[in-house]
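Numbered according to the working numbering, the sequence shown spans residues 1 to 126. Taking it in order: structure first as C-alpha cells, then the write-up.
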Amino acid sequence: MGVNKQAPAYRCGRLQAALHILRLLGTGHSDLALARSVDATADSPETALLKHLALAGLHLHEAASRKDPKRLAAATEVFQALPGLIPSGGVPKGRFRNAKPSEGEFSEGFHAQLCEYRKRFSELLG
1 MGVNKQAPAY RCGRLQAALH ILRLLGTGHS DLALARSVDA TADSPETALL
51 KHLALAGLHL HEAASRKDPK RLAAATEVFQ ALPGLIPSGG VPKGRFRNAK
101 PSEGEFSEGF HAQLCEYRKR FSELLG
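Laid out in C-alpha cells, this is it:
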C-alpha cells in the first residue's frame, strides 16, 4: 500500500521541505531539515508551519537581494508552490509523529519534496 499523497501529514511534510529550501535560497542557511526541527513540526504542525510561512516573503526578498537571477528564479518557484502544499482546510493542529519520528506520512512527504528540490536546485544549494 502506498502513501496517501493528499493526506494532511504528507502535504505538511512537503511544505516543511519547501520552506527549508526557500530559507536556504534566501539566507544561505536553514535548520528546518534538522531532525529536531522536523520533529518539532511533526509534534505541532500548526504552530511551526504558520511561523515559517509568515517568514516566506522575507526569504524571497532575501533571495532577490542577492542579485543572482538563478537563485531568485528558484526561490520564486518554491514560493509560488507554497499554497499548493497547504492541506485543504489549512494546517492541522494535531500531531503527526508516529512512535518513530522517522516514519509516517509527514516524514515521507518531507523527504520526497526535499529530494526533488535538491535535485532541481543542486547548483544553488551547494
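Cβ atoms here follow ideal geometry from the backbone N, Cα and C, with glycine treated the same way. These figures come from a predicted structure and were not determined experimentally.
Rounded Cβ spacing between residue i and residue j (contact assumed at less than 8 Å)
| i | j | result |
| --- | --- | --- |
| G60 | T76 | Looking at the sequence itself, residue 60 is Leu, so the reference to Gly does not match. About 7 Å separates the two Cβ atoms, so the contact holds. |
| V91 | L49 | 5 Å |
| E123 | A9 | With 8 Å as the limit, E123 and A9 do not qualify as a contact, their Cβ atoms being about 31 Å apart. |
| E46 | K5 | That pair is no contact at about 21 Å. |
Residue i and residue j closer than 9 Å at C-beta
| i | j | result |
| --- | --- | --- |
| A74 | A63 | yes |
| L15 | L125 | no |
| C12 | G109 | yes |
| S44 | R118 | no |
Same chain only: Cβ atoms within 6 Å of residue i, ignoring 5 sequence neighbours per side
| i | result |
| --- | --- |
| A99 | Low local confidence applies: a pLDDT of 49 at A99 is under 50, so the model's placement there is unreliable, and no value is given. |
| V78 | A18, I21, L22 |
| L114 | A17 |
| N29 | Note that residue 29 is His in the sequence shown, not Asn. So no residue of the chain qualifies. |
| L25 | A63, R71, A74, A75 |
Closest by C-alpha distance to residue i, when choosing among the options
| i | options | result |
| --- | --- | --- |
| P69 | G94, F121, E46 | F121 |
| R66 | T27, D31, S88, E46 | T27 |
Cβ shell of residue i (< 8 Å), same chain only, five flanking positions each side left out
| i | result |
| --- | --- |
| P101 | Reliability fails at P101, whose pLDDT of 48 lies under 50, so the model's placement of it is uncertain and no value is given. |
Report the start-end ranges of each alpha helix (DSSP H) in the segment 19-44 that is 4 residues or longer and not cut off at the edges. 35-43
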